[in-house]
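J.:
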Amino acid sequence: MVGLVILAAPIHWAFSVMLVSTLFGAAAALSLPMLGGATVLVPSLFLPFFALRMFMAAGEGYFLAALQPPRAGFWLLLLTAFGLLTAIFFPRLFQGVTETMTVERVANGRNFITLTPLRFSSNNITQSVYAIGGVVAFAAAFSYFRQTGTPRHLVAAIVLLAAMNIIFAIIDVATYFTRTEQFMSIFRTANYALLTGSEKGGLKRISGTFPEASTFASYALVLFAATASLWLDRMRSWTTGPLAALSLAALLLSTSATALIGVIAVVPFLWLRALVTGLWKPAMARPTFLVVVVAVVPLLALILLVLFPQVAESLNDFIDEMLLSKAGSQSGRERTLWNAMAYQTFLDTYGFGAGLGSARASSYILVLLSNVGVLGFLLFSIFVVAVLRAQPATMPGSVGDELLCVARACKAGVLAMIVPAAISGTVYDMSAMFYLLTGSLAAFVVPASAAGRVAWRRPSRQAGAVEAVS
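Counting along the sequence shown from 1, when you hit position 249 you're at 830 in this note's numbering, and nothing is skipped either side.
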């Protein structure tokens, strides 16, 4: 129903609703019995309506422009096309050669992961559909920001999304301790395992609207990186600053080891970038942030541990449970097995991979190598590098400053998605959020030709068509 309404609503609504839909990571829109009961999540169902709304607004021109060489979308298109070919042919080509960890769906709708001989399965179909959806999401986001979308629209959507994520995190904790979890059950309708009621170190592991704490933490990490980046660049500081702090607190309280490693990667990145920005543009510097991260936080931590040694003991036990003992846990042993089998699949298929959707691992690097092989890994790497290395289009005045700041926030968000995926990603699909951010970023960093500036500032169907063939 919402999708049909969006087709007639203002175009800005479509993008905002599409981005907000990514928050509902455990909400099933429908189930597909013919694919073994595979769940279609809310973002996947809304994506066709979002893309159709963008197409209705400006035609196919911007969609084609998003996938032109040498833009980043071209490498994503090549990766997806190659992935689809592997999904069709490789499971049959290498059938009987290797075994893979795959999701098996049974009649009662429950799923389990098991080691099976390589064969074509519904997983190849579902991951292929997700891969196509990623290209569509990328191109549709590009189209939106090359039509009427501005940096401020993306900032507003990120702020809204971060606020909603925090609100649902608070509700998750409140309903857990008041034994009213059924309230959150309306957002947890997917037919796979939901680990939403666990504790660690005496703390409730926050899962929000997601199936487990680690998924919530990875999502919150993206919002923390984006809002913190915007705050450092002094964009809506009174809003982005508190949201960044609350997002950081929420993902830490999720007690996810993946999130902690992500924070360790993202915070130094933001600190170094803030330092360079301060030297380059003193007016945008955040000296307090630089000093607090380097000096004040370690000093306060040291004082706390000296004055309250029992805190140090509790903290040591907590970190041991969350990180150091992780490998010895049942979950750690399972994921180690997944990675070992994924690597063996990569070797057994001579580096070609078993086909998109054929293998599962606990590292996105091994997911790529075991599914689409060396070539797929290289194409994805080129795509990511092309996205992160591109510079924002040159725009005059304050518009140019906003464009630069929002592009930097998108890059921080993309980095915050890649780091956790590299150490714990299980499937090929990087989520709709990843492709929406990269598509938005690609629109902002289009080379600043005169036609490009006109197409971005003044949307028109004709401009999009001209750009697509230029």
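Just so it is clear, CB atoms sit at the ideal spot from N, CA and C, and this is done for glycine as well. Note that this is a predicted model, so its numbers are computed, not measured.
Taking a contact to mean a Cβ-Cβ separation below 7 Å, would you say Asn746 touches Gly938 in this structure?
T.: no
J.: For Ala830 and Gly843, what's the separation of their Cα atoms in angstroms?
T.: 13 Å
J.: Looking only at C-alpha atoms, which of Thr790, Ala942, Val857 sits nearest to Thr603?
T.: Thr790
J.: Can you tell me whether DSSP reads Lys992 as helix, strand or coil?
T.: helix
J.: Starting from Leu860, follow the alpha helix (DSSP H) in both directions and report where the run begins and ends.
T.: 838-861
J.: Determine the extent of the alpha helix (DSSP H) in which Phe758 is found, giving its start and end residues.
T.: 732-758
J.: Measure the C-alpha to C-alpha separation of Leu947 and Tyr924 and round it to an integer number of angstroms.
T.: 6 Å
J.: Pick from Lys992, Gly606, Phe749, Phe758: whose alpha carbon is nearest that of Ser779?
T.: Phe758
J.: According to DSSP, is Ala590 helix, strand or coil?
T.: coil
J.: Taking C-alpha atoms, which residue in Ile767, Gly859, Val717 lies nearest to Ala608?
T.: Ile767
J.: With respect to the alpha helix (DSSP H) encompassing Ile946, which residues constitute its N-terminal and C-terminal limits?
T.: 945-970
J.: For the stretch 591-676, which segments carrying the alpha helix (DSSP H) assignment without a break, of at least 4 residues, lie completely within its bounds, in sequence order?
T.: 592-602, 623-639, 642-647, 653-674
J.: Tell me which residue opens and which closes the alpha helix (DSSP H) that Ser818 is part of.
T.: Start and end: 818-834.
J.: Can you name the residues that DSSP bridges to Thr796?
T.: Answer is none; Thr796 lacks a bridge partner.
J.: Between the beta-carbon of Leu735 and the beta-carbon of Ser1021, is there less than 7 Å?
T.: yes
J.: By Cβ distance, which residues of its chain are closer than 7 Å to Trp656, with the 5 residues on each side in sequence left out?
T.: Leu960, Ile963, Phe964, Ala967
J.: Alpha carbon to alpha carbon, what distance is there between Val717 and Gly919?
T.: Looking at the sequence provided, one finds Trp at residue 919 rather than Gly. Rounded to the nearest whole angstrom, the C-alpha separation of Trp919 and Val717 is 30 Å.
J.: From the DSSP output, in three-state form, read off Leu937 for me.
T.: coil
J.: May I ask you to verify whether the stretch 643-663 touches the stretch 737-752, counting CB pairs closer than 8 Å and requiring at least 3?
T.: no
J.: Mark Gly677 as exposed unless 16 or more other C-beta atoms lie within 10 angstroms of its C-beta, in which case mark it buried.
T.: exposed
J.: Of the residues Arg673, Glu793, Ile739, Arg727, which one's Cα is nearest the Cα of Met765?
T.: Of Arg673, Glu793, Ile739, Arg727, the residue nearest in Cα terms is Glu793.
J.: Can you tell me where the alpha helix (DSSP H) holding Met765 begins and where it ends?
T.: Counting along the chain, Met765 falls outside any alpha helix (DSSP H), and DSSP gives it neither H nor E.
J.: By DSSP, does Ile999 sit in helix, in strand, or in coil?
T.: helix
J.: Would you please state the rounded distance, in angstroms, between the beta carbons of Leu950 and Gly934? I believe it to be under 8 Å.
T.: 7 Å
J.: Quick check: what's the CA-CA separation for Ala1003 versus Ala806?
T.: 17 Å
J.: Whole angstroms is fine: what's the gap from Leu699's alpha carbon to Glu680's?
T.: Cα to Cα, the separation comes out at about 5 Å.
J.: Check Leu1017 in the structure and name its three-state DSSP category.
T.: Here Leu1017 carries a helix assignment [DSSP, helix/strand/coil].
J.: Going by C-alpha distance, which of Thr1007, Ser1005, Gly994 is nearest Tyr1016?
T.: Gly994
J.: What is the DSSP secondary structure of Ile787, counted as helix, strand or coil?
T.: In the structure shown, Ile787 sits in coil (DSSP, three-state: anything other than H, G, I, E or B).
J.: Using the C-alpha atoms, what's the distance from Gly954 back to Tyr931?
T.: 9 Å
J.: Who are Leu776's beta bridge partners in DSSP?
T.: Glu793
J.: Just confirm the distance between the C-beta atoms of Ser1005 and Ser912, as a whole number of angstroms; I'd bet it's less than 8 Å.
T.: Contact doesn't hold; Cβ gap of about 11 Å is too wide.
J.: State the Cα-Cα distance for the pair Ala647 and Phe726, rounded to the nearest angstrom.
T.: 11 Å
J.: Could you check if Arg989 is buried or exposed, using at least 16 other CB atoms within 10 Å of its CB as the buried criterion?
T.: Arg989 counts as buried, since at least 16 other C-beta atoms from the protein chains shown sit within 10 angstroms of its C-beta.
J.: Would you kindly work out how many angstroms separate the C-alpha atoms of Ala971 and Leu600, rounded to a whole number?
T.: Using only the alpha carbons, I get a separation of about 23 Å.
J.: Determine the contact status of Ala653 and Phe631, defining contact as a CB-CB distance below 7 Å.
T.: no
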